[in-house]
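Protein chains in written order, with our numbering: chain A, 1 to 187; chain B, 188 to 463. Glycine is no exception: its CB is placed at the ideal position from the N, C-alpha and C atoms.
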Amino acid sequence: MGTEAAIDTSEEAAALARVRAGDASAYAVLVTLHAPIAKRLAVLSGAGSEADDVVQEAFVKAYQALPRFHEGAGFRPWLLRIVVNETRNLHRGRSRRTLRELRVAAERTTTDPVPDPADAAVSRDRRAGLVEAVEALPDDLRDVVTCRYLLELSEAETAGTLGIPPGTVKSRLHRALGSLREVMADA
Amino acid sequence: MPDHVDLEAELVALGRTLVTAPPRADLATLVLDRVAAVQPPESPSVRPLQVVATVPATARRTRVMRRRLGAAAAAVIVLVLALVPPVRAAVVELLRIGGIVVREVPTPPATPTTTSPTSPTPGSSSGKGTGGAPATSLTLRQAEPVIGAHIGAPTALGPPTSVTVTHDGRVAELVWGSGDGTTRLDVFVGSLSWGYLKTVWEAVTPTRVADHEAVWLGSPHRVEWVDRTGDTHSEPPRLAGPTLVWVVPSSAGEVTYRLEGATSLEEALRVARSSG
Chain A
1 MGTEAAIDTS EEAAALARVR AGDASAYAVL VTLHAPIAKR LAVLSGAGSE ADDVVQEAFV
61 KAYQALPRFH EGAGFRPWLL RIVVNETRNL HRGRSRRTLR ELRVAAERTT TDPVPDPADA
121 AVSRDRRAGL VEAVEALPDD LRDVVTCRYL LELSEAETAG TLGIPPGTVK SRLHRALGSL
181 REVMADA
Chain B
188 MPDHVDLEAE LVALGRTLVT APPRADLATL VLDRVAAVQP PESPSVRPLQ VVATVPATAR
248 RTRVMRRRLG AAAAAVIVLV LALVPPVRAA VVELLRIGGI VVREVPTPPA TPTTTSPTSP
308 TPGSSSGKGT GGAPATSLTL RQAEPVIGAH IGAPTALGPP TSVTVTHDGR VAELVWGSGD
368 GTTRLDVFVG SLSWGYLKTV WEAVTPTRVA DHEAVWLGSP HRVEWVDRTG DTHSEPPRLA
428 GPTLVWVVPS SAGEVTYRLE GATSLEEALR VARSSG
């Protein structure tokens with residue numbers, strides 16, 4: 001799927017090598033490569049209007065933590081984990097705002113006058129119901145659903161992003177799907 | 188259990204309908220400015236856990252230093268192909284082709300008599316900030332970090348005659364040859380745009396380039412650009428010839444290739460398939 005695929009890993013590796021050699025400007029390559037998914041994760045995780053700040057902060061922290069980044073693990077999940085942590089920091093002391101974000105987006109798409117086949121599988125009502133059901137999941141389940149399905153990360157990347165073992169990703173997905181199926185059956 | 192599979196597919200479909208704004212265009216510049224202000228990552232003085240604890244973000248965040256290389260701007264843009272003659276509404280599936288949106292134009296634009304390329308001329312560099320910003324001449328390798336994606340240049344045509352970057356660093360424009368024999372390839376990071384009116388006409392032929400979705404636009408069409416805020420920049424309308432558009436996924440988002448100048452679909456596909 002779209003988000004998975006053939007990044008130019010050689011380009012990423014080359015940029016990383018240059019940054020490590022002291023060429024900070026090469027970091028722009030990493031930023032441009034990964035900013036879109038980072039922003040999307042921040043928004044869907046509930047960063048709301050602060051998503052841009054979260055993303056910026058995450059890239060700065062990632063840069064400063066680069067000495068502890070091990071190649072092979074993949075820069076993207078490593079960065080996304082920082083995004084998740086930054087977003088969680090926002091949430092201290094107040095509630096997550098994902099619901100509102102999602103709703104706004106859902107409303108926008110449902111006003112689209114032309115039916116879209118990509119949406120065909122999800123009818124308007126059902127989609128709205130699904131949004132609510134996802135929102136209602138406990139945080140740990142919602143996080144895996146967000147990463148694995150809404151952002152279409154792989155299981156391994158989901159594990160890396162959330163800092164949990166792959167087995168835990170599997171079991172949480174299983175529980176989340178079970179719970180969602182139950183809610184949707186009642187709907 | 189089929190229900191299980193359906194639910195997963197539904198969630199993926201749901202994710203694709205959720206609209207989120209692209210990152211701010213000056214993100215890379217802001218980040219570079221901030222990291223320049225602290226020690227380099229390899230400095231031994233960086234101890235674990237010291238990470239960033241620290242920087243009162245807002246103070247630095249507002250600091251914008253423009254001096255930084257222009258290699259920073261990544262922006263998601265949408266290419267709107269306004270088909271001239273619009274015929275009938277049909278399938279929309281094709282519109283999930285990268286940054287391409289096809290939509291109806293109420294009235295056909297004034298018709299230029301030729302399809303002379305109207306590439307902005309390099310040199311007059313005061314137009315930054317507008318959709319039709321002047322081009323900057325670069326090498327292929329230099330252009331990649333600017334638009335924020337790897338450019339798979341077709342080898343079938345040999346090295347491009349020129350490589351320029353237009354639209355505020357969002358679009359790499361490769362040109363081979365000149366005059367009537369000109370072939371051009373626009374490459375940009377473009378993402379799906381669900382918000383736009385979508386319709387497809389019979390002038391659009393679906394095809395594939397390698398494993399990637401593609402469309403062949405056999406009829407002349409007008410090109411206009413929509414920036415990341417959704418504003419349409421009216422460039423002088425250009426009557427484009429037959430065009431092949433294909434999309435290659437990447438971590439930067441989908442990268443859209445738009446090839447103009449091949450005379451037939453077969454020729455266009457031959458060129459497109461040589462890109463890597």
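Legend entry - From 224(B), 399(B), 371(B) and 329(B), residue whose alpha carbon lies closest to that of residue 344(B): Walking along the second sequence from the start, residue 344(B) turns up at place 157. Ranking 224(B), 399(B), 371(B) and 329(B) by Cα distance to residue 344(B) puts 371(B) first.
Inset, instruction - Could you confirm whether any beta carbon from chain B is found closer than 7 angstroms to the beta carbon of residue 32(A)? - result: Against the first sequence, residue 32(A) aligns to sequence position 32. At least one chain B Cβ lies under 7 angstroms of residue 32(A).
Inset, instruction - Report all residues from its chain with a CB closer than 7 angstroms to the CB of residue 172(A); omit the five preceding and five following residues, and keep chain order. - result: As a working note, residue 172(A) is residue 172 in the first sequence. For residue 172(A), where only same-chain residues beyond five positions count, the Cβ hits under 7 angstroms are 140, 141 and 144.
Inset, instruction - Confirm, please, whether the CB-CB distance from residue 360(B) to residue 351(B) is below 7 angstroms. - result: Position 164 of the second sequence, counted from the first residue, corresponds to residue 351(B). Position 173 of the second sequence, counted from the first residue, corresponds to residue 360(B). Yes, these two residues count as a Cβ contact at 7 angstroms.
Legend entry - Sub-7 angstroms separation of residue 274(A) and residue 210(B) beta-carbons: Because residue 274(A) is not part of the residues shown, which for chain A are 1 to 187, the question remains open.
Inset, instruction - Note down the Cα distance separating residue 59(A) from residue 327(B), rounded to an integer number of angstroms. - result: The sequence position of residue 59(A) within the first sequence is 59, counting from 1. The sequence position of residue 327(B) within the second sequence is 140, counting from 1. In a straight line, the C-alpha of residue 59(A) is about 26 angstroms away from that of residue 327(B).
Inset, instruction - Can you grab the Cα-Cα spacing for the pair residue 30(A) / residue 12(A), in whole Å? - result: Position 30 of the first sequence, counted from the start, is the residue given in the question as residue 30(A). Position 12 of the first sequence, counted from the start, is the residue given in the question as residue 12(A). If you take the alpha carbons of residue 30(A) and residue 12(A), they lie about 7 angstroms apart.
Inset, instruction - Using a Cβ cut-off of 7 angstroms (strictly closer), state whether residue 41(A) contacts chain B. - result: Numbered from its first residue, the first sequence carries residue 41(A) at position 41. No, residue 41(A) does not count as interfacial toward chain B.
Legend entry - residue 376(B) and residue 335(B) closer than 7 angstroms at C-beta: Numbered from 1 along the second sequence, position 189 holds the residue referred to as residue 376(B). Numbered from 1 along the second sequence, position 148 holds the residue referred to as residue 335(B). Yes. Within cutoff.
Inset, instruction - Return the residue from the list 202(B), 463(B), 329(B) and 204(B) that minimises the CA-CA distance to residue 26(A). - result: Within the first sequence, residue 26(A) is the residue found at index 26, counting from 1. The option with the nearest alpha carbon to residue 26(A) is 329(B).
Legend entry - Straight-line gap, residue 331(B) to residue 337(B) (C-alpha atoms, nearest Å): Position 144 of the second sequence, counted from the start, is the residue given in the question as residue 331(B). Position 150 of the second sequence, counted from the start, is the residue given in the question as residue 337(B). A straight line joining the alpha-carbon of residue 331(B) with that of residue 337(B) spans about 5 angstroms.
Inset, instruction - Please specify which runs of the alpha helix (DSSP H), each continuous and at least 4 residues long, are wholly inside the region 13-62 of chain A, giving them in chain order. - result: 27-44
Inset, instruction - Name, going along the chain, the residues of the region 152-178 of chain A whose beta-carbon falls closer than 8 angstroms to a beta-carbon of chain B. - result: 152 and 177
Inset, instruction - Using the Cα positions of residue 193(B) and residue 185(A), report the straight-line distance between them to the nearest angstrom. - result: Taking the first residue of the second sequence as 1, we reach residue 193(B) at position 6. Taking the first residue of the first sequence as 1, we reach residue 185(A) at position 185. Going from the Cα of residue 193(B) to the Cα of residue 185(A) covers about 13 angstroms.
Inset, instruction - Spell out the partners DSSP gives residue 353(B) in its beta bridges. - result: Here residue 353(B) corresponds to residue number 166 of the second sequence, with the count starting at 1. Looking at the DSSP assignment, residue 353(B) forms a beta bridge with 358(B).
Inset, instruction - Consider the Cβ of residue 75(A): report whether some Cβ of chain B lies at a distance smaller than 7 angstroms. - result: Locating residue 75(A) in the first sequence gives position 75, counting from the first residue. Residue-level contact check: residue 75(A) does not touch chain B, since none of the beta carbons of chain B fall below 7 angstroms from its beta carbon.
Inset, instruction - Note down, in chain order, each residue of its chain lying with its Cβ closer than 6 angstroms to the Cβ of residue 87(A), except the 5 sequence neighbours on either side. - result: Taking the first sequence and counting its residues from 1, one reaches residue 87(A) at position 87. Correct list, in chain order: 42, 45, 47 and 54.
Legend entry - Contacts that residue 52(A) makes with chain B (C-beta to C-beta distance below 9 angstroms): The residue you call residue 52(A) lines up with position 52 of the first sequence. Within chain B, the residues placing a beta-carbon under 9 angstroms from that of residue 52(A) are 208, 210, 211 and 214, ordered along the chain.
Inset, instruction - Establish whether the CB of residue 28(A) and some CB of chain B are separated by less than 7 angstroms. - result: The residue labelled residue 28(A) in the question sits at position 28 within the first sequence. Closer than 7 angstroms to some Cβ of chain B, the Cβ of residue 28(A) qualifies, so yes.
Legend entry - Start and end residues, alpha helix (DSSP H) containing residue 481(B): The structure shown has nothing for residue 481(B), since chain B only spans 188 to 463.
Inset, instruction - Figure out for me which residue from 180(A), 158(A), 89(A) and 125(A) has the closest Cα to the Cα of residue 138(A). - result: The sequence position of residue 138(A) within the first sequence is 138, counting from 1. Selected option, being the one with the closest Cα: 180(A).
Legend entry - Interface residues of chain B facing residue 49(A) [CB-CB closer than 8 angstroms]: Translated into positions along the first sequence, residue 49(A) becomes position 49. What residue 49(A) touches in chain B: nothing, since even the nearest Cβ is about 10 angstroms away.
Legend entry - Assigned secondary structure, residue 173(A) (DSSP; H/G/I helix, E/B strand, else coil): In the first sequence, the residue the question calls residue 173(A) occupies position 173. Correct three-state label for residue 173(A): helix.
Inset, instruction - Please state if the CB of residue 81(A) and the CB of residue 163(A) are separated by a distance shorter than 7 angstroms. - result: Against the first sequence, residue 163(A) aligns to sequence position 163. Against the first sequence, residue 81(A) aligns to sequence position 81. With a cutoff of 7 angstroms on beta-carbon distance, residue 163(A) and residue 81(A) are scored as near each other.
Legend entry - Neighbour-count burial assignment, residue 136(A), 16 or more Cβ in a 10 Å radius: As a first step, residue 136(A) is located in the first sequence; it is residue number 136 there, counting from the start. Looking at its Cβ environment, which holds fewer than 16 other Cβ atoms inside 10 Å, residue 136(A) is exposed.
Inset, instruction - Would you mind reading off the limits of the beta strand (DSSP E) that contains residue 161(A)? - result: Stepping through the first sequence from its first residue, residue 161(A) is reached at position 161. Premise fails: residue 161(A) lies in the alpha helix (DSSP H), 155-162, not in any beta strand (DSSP E).
Inset, instruction - Using three-state DSSP, classify residue 77(A) as helix, strand or coil. - result: Within the first sequence, residue 77(A) is the residue found at index 77, counting from 1. Residue 77(A): helix per DSSP, three-state reduction.
Legend entry - DSSP three-state assignment for residue 376(B), whether helix, strand or coil: Mapped onto the second sequence, residue 376(B) falls at position 189. Residue 376(B): strand per DSSP, three-state reduction.
Inset, instruction - Take residue 83(A) and list the residues in its own chain whose beta-carbon comes closer than 7 angstroms to its own, dropping the five residues that flank it on each side. - result: Here residue 83(A) refers to the residue found at position 83 of the first sequence. Excluding positions up to five away in sequence, the list reads 38, 41, 42, 54, 55 and 58.
Legend entry - Span separating the alpha-carbon of residue 403(B) from that of residue 342(B): Mapped onto the second sequence, residue 403(B) falls at position 216. Mapped onto the second sequence, residue 342(B) falls at position 155. Roughly 20 angstroms separates the two Cα atoms.
Inset, instruction - Name the residue from 453(B), 437(B), 214(B) and 441(B) whose alpha carbon lies nearest to the alpha carbon of residue 431(B). - result: Here residue 431(B) is taken as the residue at index 244 of the second sequence, counted from 1. Ranking the options by Cα distance to residue 431(B), first place goes to 453(B).
Legend entry - Sub-7 angstroms separation of residue 215(B) and residue 28(A) beta-carbons: Stepping through the second sequence from its first residue, residue 215(B) is reached at position 28. Stepping through the first sequence from its first residue, residue 28(A) is reached at position 28. Cβ atoms of residue 215(B) and residue 28(A): closer than 7 angstroms.
Inset, instruction - Could you tell me which residues DSSP puts in a beta bridge with residue 445(B)? - result: Translated into the one-based positions of the second sequence, residue 445(B) becomes position 258. Answer is 373(B) and 432(B), bridged to residue 445(B).
Legend entry - Endpoints, the beta strand (DSSP E) within which residue 150(A) is located: As a position in the first sequence, residue 150(A) is number 150, starting the count at 1. Counting along the chain, residue 150(A) falls outside any beta strand (DSSP E), and DSSP gives it neither H nor E.
Legend entry - Contact set between residue 45(A) and chain B, taken where Cβ atoms lie within less than 9 angstroms: Locating residue 45(A) in the first sequence gives position 45, where the first residue counts as 1. The premise fails here: residue 45(A) is roughly 11 angstroms from chain B at the closest Cβ pair, so nothing lies under 9 angstroms.
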